[in-house]
Each structure stands twice: as structure tokens, then as C-alpha cells.
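Visitor:
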Amino acid sequence: MSAEPALLAGESAAQPQKPAPRLARDGGIIFGATVILLMALMGVLAPWLGTKNPSEINPAFRNRVPGIEQTIRNDDGTTRTFTYRMGTDSLGRDVYSRVVYGARISLIIGITVATFSVAIGLFIGLVSGYIRWVDAIVMRLMDGLMAIPAILLAIALVSLFRAGLLSVIVAIIVPEVPRVVRLVRSIVLSVREEPYVEAAICAGTPTPLLLVRHILPNTIPALIVQGTFICANAILLEAILSFLGIGIPPETPTWGNIMAEGRGLFRIYPHNIFFPGICLAFTVLAVNVLGDGLRDRLDPKLARRV
Amino acid sequence: MADKPVLDVQGLTVRLPRGADRVNAIENVSFAVAPGEIVCVVGESGSGKSVTAHTVMGLLPPGQLTATAGRAFLEGDDLLTKTSAEMRKIRGDRISMIFQEPMTALNPVMKVGDQIAEVLDIHTNLSERERRARVLAVMQSVHLPEPERLIDVYPHQLSGGQRQRIMIAAALVLDPVLLIADEPTTALDVTTQAQILKLIKELRERRNTGVLFITHDFGVVAEIAHRVVVMQHGRVVEQGRTQDVLRRPRDEYTRMLIRSVPSLSPPAREPVTATPIVLQTNDLTKTYVSGGLFAKRREVQAVKQVNLEVRRGETLGVVGESGSGKSTVARCIARLIEPTDGAILIEGADVAKLGPRALRPHRKRVQIVFQDPYRSLNPRRTVGAAITEGPVNFGMAESEATERARNLMRLVGLDPDSLTRFPHQFSGGQRQRICIARALAMEPEILVADEPVSALDVSVQAQVLTLLDDVRKRFNLAVLFITHDLRVAAQVCDRIAVMHKGEVVEEGTTAAVFAAPKHDYTRALFDSAPGRNFEFGKFEV
Numbered sequence: 001m002s003a004e005p006a007l008l009a010g011e012s013a014a015q016p017q018k019p020a021p022r023l024a025r026d027g028g029i030i031f032g033a034t035v036i037l038l039m040a041l042m043g044v045l046a047p048w049l050g051t052k053n054p055s056e057i058n059p060a061f062r063n064r065v066p067g068i069e070q071t072i073r074n075d076d077g078t079t080r081t082f083t084y085r086m087g088t089d090s091l092g093r094d095v096y097s098r099v100v101y102g103a104r105i106s107l108i109i110g111i112t113v114a115t116f117s118v119a120i121g122l123f124i125g126l127v128s129g130y131i132r133w134v135d136a137i138v139m140r141l142m143d144g145l146m147a148i149p150a151i152l153l154a155i156a157l158v159s160l161f162r163a164g165l166l167s168v169i170v171a172i173i174v175p176e177v178p179r180v181v182r183l184v185r186s187i188v189l190s191v192r193e194e195p196y197v198e199a200a201i202c203a204g205t206p207t208p209l210l211l212v213r214h215i216l217p218n219t220i221p222a223l224i225v226q227g228t229f230i231c232a233n234a235i236l237l238e239a240i241l242s243f244l245g246i247g248i249p250p251e252t253p254t255w256g257n258i259m260a261e262g263r264g265l266f267r268i269y270p271h272n273i274f275f276p277g278i279c280l281a282f283t284v285l286a287v288n289v290l291g292d293g294l295r296d297r298l299d300p301k302l303a304r305r306v
Numbered sequence: 001m002a003d004k005p006v007l008d009v010q011g012l013t014v015r016l017p018r019g020a021d022r023v024n025a026i027e028n029v030s031f032a033v034a035p036g037e038i039v040c041v042v043g044e045s046g047s048g049k050s051v052t053a054h055t056v057m058g059l060l061p062p063g064q065l066t067a068t069a070g071r072a073f074l075e076g077d078d079l080l081t082k083t084s085a086e087m088r089k090i091r092g093d094r095i096s097m098i099f100q101e102p103m104t105a106l107n108p109v110m111k112v113g114d115q116i117a118e119v120l121d122i123h124t125n126l127s128e129r130e131r132r133a134r135v136l137a138v139m140q141s142v143h144l145p146e147p148e149r150l151i152d153v154y155p156h157q158l159s160g161g162q163r164q165r166i167m168i169a170a171a172l173v174l175d176p177v178l179l180i181a182d183e184p185t186t187a188l189d190v191t192t193q194a195q196i197l198k199l200i201k202e203l204r205e206r207r208n209t210g211v212l213f214i215t216h217d218f219g220v221v222a223e224i225a226h227r228v229v230v231m232q233h234g235r236v237v238e239q240g241r242t243q244d245v246l247r248r249p250r251d252e253y254t255r256m257l258i259r260s261v262p263s264l265s266p267p268a269r270e271p272v273t274a275t276p277i278v279l280q281t282n283d284l285t286k287t288y289v290s291g292g293l294f295a296k297r298r299e300v301q302a303v304k305q306v307n308l309e310v311r312r313g314e315t316l317g318v319v320g321e322s323g324s325g326k327s328t329v330a331r332c333i334a335r336l337i338e339p340t341d342g343a344i345l346i347e348g349a350d351v352a353k354l355g356p357r358a359l360r361p362h363r364k365r366v367q368i369v370f371q372d373p374y375r376s377l378n379p380r381r382t383v384g385a386a387i388t389e390g391p392v393n394f395g396m397a398e399s400e401a402t403e404r405a406r407n408l409m410r411l412v413g414l415d416p417d418s419l420t421r422f423p424h425q426f427s428g429g430q431r432q433r434i435c436i437a438r439a440l441a442m443e444p445e446i447l448v449a450d451e452p453v454s455a456l457d458v459s460v461q462a463q464v465l466t467l468l469d470d471v472r473k474r475f476n477l478a479v480l481f482i483t484h485d486l487r488v489a490a491q492v493c494d495r496i497a498v499m500h501k502g503e504v505v506e507e508g509t510t511a512a513v514f515a516a517p518k519h520d521y522t523r524a525l526f527d528s529a530p531g532r533n534f535e536f537g538k539f540e541v
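For the record, the sequence lines run as chains A and B.
All residue numbers for the first sequence refer to the numbering used here, where the first residue is 1 and numbers rise by one.
All residue numbers for the second sequence refer to the numbering used here, where the first residue is 1 and numbers rise by one.
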């Protein structure tokens, strides 16, 4: 009984990994991860990156172009020269500081929303895919949730409670969960027919253990990929909500808020929208590219072709 | 047949990509096919028989497999030197191919008539009307009923056998000199297989087509081949006239292969009557209901009032073709699905309607071994975890379960130290052994074997069957053996029940049913078994 060699090369799955050029294969993953890491570092290290208080208003120094300098009096009476690298906005706040601090909110929202949507969706999806009578009820509920636009839900939540991080996160998670549920459910429906799952049923494995041990691992690759897309989407949605003025309170620096601030004067002072816009675009691009790269690596059907 | 050969393959070598388990997929393969001759290439999986066919057809996956040496002459033209444009002209016109799976080889959204006509469209300048006439004629010649009607239907409206006939019609519409058939009957039922084999024989007679027939089934070889080429690990180990190879094989591997083919005549067996009945079904019925609110309600009776009983230490074979309901019976008994009606008595206790909780103590008494060894083990968990899962579920300590797993691995002929390995590190036959060990770990009273050897090569098949018979005796198991293969059934079953369209049409001891089948369907089944007139393994010196 020798190991059965594959019929055609296309089927030879067990072949040893060739030392293919790493960068060519994982270029997307490396690029995406690097950009996200840089953004995260920027958010964490914000106070030490030559910033000042991002909410400090300076009425005498409004709408200045990038690179302008101002002499600032410190608390102890000495003076220093502060350079507004990205100019100031219509309230005289430092755009550079706001952009750097804004990375915090964007990343917190992206990561929190992705984690919670995936976790909640995974749980509902597993149960709904495996237990038939739950399925009919849950899936109609999910159809209902999917019909609610995130923006309208955010307006409703903000008017019910108050504008803040939590309202925004909830508003984005709610319509995102059904997408995860559908994904997980479809995987569960196909995996539950696998003979090894039936063998486990015959072995008397209790249903919760069966789901966690034999079915859940099959959903992980798809969920990692879906998670990155949700993350990118959440960052964008937060920016949209803030831009529309129904998200995070305007004094908090987020990329959406900065752009909303600069909207009125952007034909004359484009820097207010340009810099946060660039950061936002790069972060979302990086997350998406990372997700694409992970999909190619984790999906055996696609990976084999590479 | 002293004519010039239509296909003459000389020293053909195809290299595998680096990192594969051997250097060449096929090495120095030479054989010839004369006009009107059927040459069977036999071999187990991985022997390179399909690669040979694909090379001749010019269908190797580019960049992965490359022919590095040798020639393949089609009526004197070397096919390996042709450009892809030239090959396109040859394919369909002078050589054509039929595949294993008639469902996936046909385009589901194209009328079958159009799929046949496509060949004519590419290679000829016939008018619309002439094309249709040619298609109708070729459909007639492959004995499709009512070609006028079938020409305008879609593949899903046809049966498997009819689809394979359409494939053959499309392959033959231009009268190729060579037909390559890659396991064309493997996915079909025996009765359908017999018809398709008959059709291929008849067509090559009428049209003098040379046929290169790839198969793993020696029954099929005995049925249709003029000459046989036996392949192993990419090399031709033996070739010659069918009668010579089957009766006087020279090569040891060939002898082993032929000896492994189970005989159709059942060996003498003591009937099991003294032991108690462990498993009994009373009017077991399973009805599938589809449709509902908007769609039209449809009921399909998969199993109709089946009555079976199996004694301790006895093997009951349930024989039938696809769709006969035999697997549904197995799944009902293992309670993977709930029967619609009837009773399943396990030592007198009815488990047919028990809910999940009440069912749990009964779970360990019925264990099942599945057909597909590649899907019946969780690829992410070690073999040890698979075997110990059941006992641990029922409260056995981890260490004790592992000890039992080690013993069972020894019992099924595998190294106990390989418990920490993953399923993909084992071959198909070894995995099936692991599945048997997993079932035995629960110390069941009833073992349901659902086509346990259908996915295995014939040499491996024999070993797994021996193992199954061995564990039945050792643990005094009641075995329900589901199979479509009459040869396997003849060898391992004490009694057999023949199922057809959800009903048991005939039941009796294996010897009695094989000697004098009563029901028409059973007789048809026996008549279709390929190579039924040939006793394998009785070699002449």
C-alpha cells in the first residue's frame, strides 16, 4: 500500500512546498500588514510624534496653509516655534495632530467591529446552520437586519442615546452580522454532510462539541478574510458617518470628522480634506490587499494554482 | 488484425513536476492500437493510465506535465510534434475522447443536440439542416430512444446512461479512427454499464474504430478487450492478448491484480442460525418531502417497508444500484437520519423514533464505516484523536482510550506509533483501516459498512475485506454490508438482500441467490456483471 500518487499534477495536493519567491507570493500580505502596523504605531505613539493637543482651538490662527510656523508660549513662560505641517482648520486646530490622533479611532472601530461581527456571526451561523428549526427563524431575522441601512440605524441610535464611539460601533456591527452569518451558515451546511462529521455523530459527540471540534475549524479561513473586509468597510463607514455629522462628536479627531470640518472651505483650503483622505484611502487599501492575500494563501483551491 | 495500427505509442515518457513522489508520470510506455481493436489499459490509481490517454489526446496540463521522450503516431503522424492549432483540428475529427463522469462532461445549459452539433460546426461546413440530420443519425446509432425528441433536451433531463450515450454520439459523429475512453462506465450502474460496453463493442465493429479503453476493472477487461496493457507506477509491466494476459499472466504484479478480483461464485458458508437476532427492521420507510409553501409538493419514497434482520456474527449484504435506497437504509439504522415510519429494533429495543438524548446510549452499539476514505476522517485532527473520540465521549479516561486505540491500530495492521499522525499521511486503504479501528473502538454490536471498499484499488480492496471479515469473527459482530458490487457481496456476505427502487425484491442466502435468482431484477443485475463468464485467478501454467 504505497501512498497513492495523484493522477494528474493538478491533484497533487500533498507535494512538498517549493521555496517559491516569498515576496512575489505574499507581497499583498506583507504590504497590507506593514501599512496597518505603521498606522497602528502612529495612533499609539501620537503624543510623541510632534503633535499638540488635537482639540486645542486657536482662533487667531485659522485656515492656514501647511508648513506655516507660529511661536507658542509654553506653560513655564518660555516660547517655542511650532510648525503646522498640514496647516490648521477653520477653528485653528492643528490638522497634523488631528490626523495622527484620528488613526486611533479609525483602527479601534475597524478592529472592534470586525472582531465582534465575526464572533457574533460565527455563533449564530453555527447554530443556525446546524439546527434546522432555528435556521428558518434566524435567517428571516437576518434578512430583516440586512434591510436596515447602517446610516439610518446610526441616526436612530444617536438620537436615542448620544453620539459616541459605542453608538457608531453598534450601528456598523448590526448590518454586518448577517453577512457573516450567511457565510458561516453556508460552510456549515456543506461540512455537516461530510462523512467525518457523521462519524462523530455516531461516536456520540455532543452537538456543541461537534460544532466546535469538527465544523468550526472549516470556517476559520473564510472568516479571517471576511474579517479584514469588514474592518475596511467599518473604517470607511465611520468616516462617512462622521462626515455626515451623525457619528463621533465633532471635537474628537477622526478622519471623517476632519474631512467634515474641511468640507465647507475645501475649494480654497484643500489640505483639510486631502491629508485625512490619503490616510483613510491607504489604510482601507492596505486592509483589503491584506484580505486578498490571506484569501489566496488560505483557500486551498486558489493557492494550488499559484 | 495485421493492419497498420491507428495508434502507435513508442517509448512515451512524461515528466512530473518537481517535488512529486516520482520523477516520471509514465516512463517508456509503448503499445499499439489496430483499427477495430479494443485495447484496455489497466492499472490501479496512480499507475499513469490516465496520463497516457491525456498525452495522446494532447490534453496535458501545460507547464505541469511535459512529454520528454517518445512518440505517439496516429496513422503515421507524430502527435507529440503537433502545434496546439493542429491538435485542435485532430481532436474530435480523428481522435475523440469520452470521460468518466457524463454529468460534468456535458454542458448543463446547452441542449444535447447542440453539443453534438458543436463538433460538426467546428470541423465541417455543413448547413444547419445537414447538421441536424447527422446528429439525429448518430443519436440513432448509439440507440438513444426517440432522437427527434431527445435532440432538444438538456443533460439533466437524461439518465446517466443516456448522457454517456450522448457523449459517445458526440465522440463518434465524425467517425474518428481512434476513440479514447477514460473509465467511461465507472460512474454508471452495472446494468447501464453493460449496455454501454455492448454499445462500444458494436460501434467499433460497425465503424472499425480503434478503441483505447482505460479502466481499473478486470471484469470490464474480460468483457470487451482484444488486448490488454497492464501498467504499474508509470511503466508497462505486461501486455498481450486478453486471453493470454488473463489466463497466463507472466508478471507477478499482473498475477496479484488478477488474483485480487473477487470471484462471482460465493464460497461455501455455514448459515448463521443459532445466534440471536441483533438488528431487525420492521417496515422501515423513509419518505423525502420537498417543496412546500410555493413550490409544488413532491414526495420521494427512498425506502419502502424494508424488513431486514441480522444475527450476531452474520453479514447481511444489501445489494443495489444507485438510487435503490440501500444507503438510506444504512443511514436510518445508524440513525443519522430519522425514518418516516417503521421500527428499527436493536436487540429488541426500538430506536427508530428516539430523540437525540434517548438515542445517545444506543449510539455506541451501531457504528458505521463510510465509502470515501478521504472524507471520513477530519483532516485537521490526528488519527489518535479520531479513534479515541467516541470512547472519551462515553466517559473513558484519555489514557485508557489511547491504550485501546494502540491495540486497535495493531489489530487493523497499522503501526500504533502512528496515532499522532494526520489522515493525509496515510493511503486510502490505510485510512479505511483507521475508520474500521474507529468503529471498533466503540465496541459496537452492529457494524454498518456503507460501500467500504468501492473507492479502493482492487489489491487494497481484498485486504480490507479480509480485515472486515476478520473483525466480524473476532468480535462476533452483526455486519450490514452495503454494496453495489456483486463480486464483493459474493465473497463476504452470508445472506444478501437485493434492493430496487426502495424495496427489497429478493432475499436469501448468498449461495441460493447467486445460484438461482428469482426476481427479474436480480437476474438482470447478474447478467450485467462484467466478466461474469470468466473465472479470475485460475491461471494456466
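Cβ atoms here follow ideal geometry from the backbone N, Cα and C, with glycine treated the same way.
For A/Thr79, count neighbouring C-beta atoms within 10 Å of its own C-beta (all shown protein chains included) and say buried if the count is 16 or more, exposed if not.
Guide: A/Thr79 comes out exposed.
Visitor: Using the beta-carbon of each residue, which ones in chain B are nearer than 7 Å to A/Tyr196?
Guide: The answer, in chain order, is Arg375, Ser376, Leu377 and Asn378.
Visitor: Just how far apart, CA to CA, sit B/Lys4 and B/Gln491?
Guide: So the two alpha carbons sit approximately 44 Å from each other.
Visitor: Just by C-beta distance, which residues in the segment 440–464 of chain B are closer than 7 Å to chain A?
Guide: Residues Met442 and Val460.
Visitor: Any residues in the segment 198–209 of chain A with a beta carbon nearer than 9 Å to a beta carbon of chain B? Which ones, in chain order?
Guide: Per Cβ criterion, the list reads Glu198, Ala199, Ala200, Ile201, Cys202, Ala203, Gly204, Thr205, Pro206, Thr207 and Leu209.
Visitor: Would you please verify whether the beta carbon of B/Ala72 is less than 8 Å from any beta carbon of chain A?
Guide: By this cut-off, B/Ala72 is not an interface position.
Visitor: Label B/Glu338 either buried or exposed according to how many other C-beta atoms from any shown protein chain fall within 10 Å of its C-beta, with 16 as the threshold for buried.
Guide: Per the 10 Å Cβ criterion, exposed.
Visitor: Determine the closest residue to A/Ala281 out of A/Arg267, A/Ala239, A/Asn218 and A/Leu37, with distance taken between C-alpha atoms.
Guide: Taking only the C-alpha atoms, the option nearest A/Ala281 is A/Ala239.
Visitor: State whether the segment 134–146 of chain B contacts the segment 95–104 of chain B, with contact taken as three or more CB pairs (one from each stretch) at a distance under 8 Å.
Guide: Too few Cβ pairs lie closer than 8 Å, so no.
Visitor: In angstroms with no decimal places, state the Cα-to-Cα distance between B/Leu408 and B/Leu377.
Guide: When rounded, the distance between both Cα atoms is 16 Å.
Visitor: Just to make sure I have the definition right: I need the residues of chain B whose C-beta is within less than 7 Å of the C-beta of A/Pro217. Which are they?
Guide: Per Cβ cutoff of 7 Å: Arg380.
Visitor: Go through its chain and collect everything with a Cβ distance to B/Met57's Cβ below 7 Å, but skip five positions before and after it.
Guide: Hits under 7 Å: Arg91, Ile95, Met97 and Ile180.
Visitor: At 4 residues or longer, and completely inside the segment 387–435 of chain B: list those alpha helix (DSSP H) runs for me, N to C.
Guide: Correct list: 398–411.
Visitor: Under 6 Å Cβ to Cβ from A/Glu4, same chain only, skipping five residues before and after it: list those, please.
Guide: Note that A/Glu4 scores 39 on pLDDT, short of 50, meaning its location in the model is unreliable and no value can be drawn from it.
Visitor: For B/Leu419, does the count of other Cβ atoms within 10 angstroms reach 16, so buried, or fall short, so exposed?
Guide: When all chains shown are included, B/Leu419 counts as buried.
Visitor: For A/Leu45, count neighbouring Cβ atoms within 10 angstroms of its own Cβ and tell me buried if that reaches 16, exposed if not.
Guide: By the neighbour-count rule (16 or more Cβ atoms within 10 Å), A/Leu45 is not buried but exposed.
Visitor: What does B/Gly531 reach in chain A if we use C-beta pairs closer than 8 Å?
Guide: Going along chain A, no residue has its Cβ under 8 Å from B/Gly531, so there is no contact; the nearest lies around 24 Å.
Visitor: Please state the DSSP three-state secondary structure of A/Ile187.
Guide: DSSP places A/Ile187 in helix when its eight states are reduced to three.
Visitor: For chain A, check one thing: does any of its Cβ atoms lie closer than 8 Å to the Cβ of B/Arg438?
Guide: By this cut-off, B/Arg438 is an interface position.
Visitor: Rounded to whole angstroms, what's the CA-CA distance from B/Leu106 to B/Asp494? Just pull it up for me.
Guide: Between B/Leu106 and B/Asp494, the C-alpha separation is close to 41 Å.
Visitor: Check whether the Cβ atoms of B/Val220 and B/Gly531 sit closer than 8 Å, and answer yes or no.
Guide: Yes; because the gap between Cβ atoms is below 8 Å, this pair is in contact.
Visitor: Just mark B/Lys556 as buried or exposed, buried being the case when its beta carbon has 16 or more other beta carbons within 10 Å.
Guide: With chain B running from 1 to 541 in the structure shown, residue 556 of chain B is simply not present.
Visitor: Do the segment 22–29 of chain B and the segment 43–54 of chain B meet, that is, are 3 or more Cβ pairs less than 8 Å apart?
Guide: Taking 8 Å as the limit for Cβ pairs, the verdict is that the segment 43–54 of chain B does touch the segment 22–29 of chain B.
Visitor: Reducing DSSP to helix, strand and coil, say where B/Cys40 ends up.
Guide: If DSSP states are grouped into helix, strand and coil, B/Cys40 belongs with the strands.
Visitor: Compare the C-alpha of A/Asn288 against each of A/Ala234, A/Phe274 and A/Pro250 and name the closest.
Guide: The candidate whose alpha carbon is nearest that of A/Asn288 is A/Ala234.
Visitor: Would you please verify whether the beta carbon of B/Lys538 is less than 8 Å from any beta carbon of chain A?
Guide: Closer than 8 Å: no.
Visitor: Would you check if the segment 190–207 of chain B and the segment 521–535 of chain B touch, i.e. whether three or more CB-CB distances between them fall below 8 Å?
Guide: Touching, yes, given that three or more Cβ pairs across the two stretches are closer than 8 Å.
Visitor: Starting from B/Asp8, follow the beta strand (DSSP E) in both directions and report where the run begins and ends.
Guide: Its beta strand (DSSP E) spans residues Leu7 to Arg15.
Visitor: Per DSSP, B/Lys286 forms a beta bridge with which residues?
Guide: DSSP output for B/Lys286 lists B/Val303 as bridge partner(s).
Visitor: Rounding to the nearest angstrom, what Cα-Cα distance links B/Ser263 and A/Ile220 in this structure?
Guide: The straight-line gap from Cα to Cα measures roughly 48 Å.
Visitor: By alpha-carbon positions, which one of B/Asp350, B/Val319 and B/Phe422 ends up nearest to B/Asp450?
Guide: The shortest Cα separation from B/Asp450 among B/Asp350, B/Val319 and B/Phe422 belongs to B/Val319.
Visitor: Determine contact between the segment 251–265 of chain B and the segment 452–459 of chain B, defined as no fewer than three beta-carbon pairs at a distance below 8 Å.
Guide: Flag = yes, the segment 251–265 of chain B and the segment 452–459 of chain B touch.
Visitor: According to DSSP, is B/Arg335 helix, strand or coil?
Guide: Three-state DSSP puts B/Arg335 in coil, outside helix and strand.
Visitor: Among the candidates B/Gly36, B/Arg269, B/Ile277 and B/Ile200, whose CA atom is the shortest distance from the CA of B/Ala511?
Guide: Checking every option, the nearest Cα to that of B/Ala511 belongs to B/Arg269.
Visitor: Apart from the five residues on each side of it in sequence, which residues of its chain come closer than 6 Å, Cβ to Cβ, to B/Thr225?
Guide: The sequence given here has Ala at residue 225 of chain B, not Thr. So the qualifying residues of the chain are Ile38, Cys40 and Thr242.
Visitor: Among the residues of its own chain, which have a CB less than 8 Å from the CB of A/Leu265, if the five just before and after it don't count?
Guide: For A/Leu265, where only same-chain residues beyond five positions count, the Cβ hits under 8 Å are Asn63, Ser90 and Asn272.
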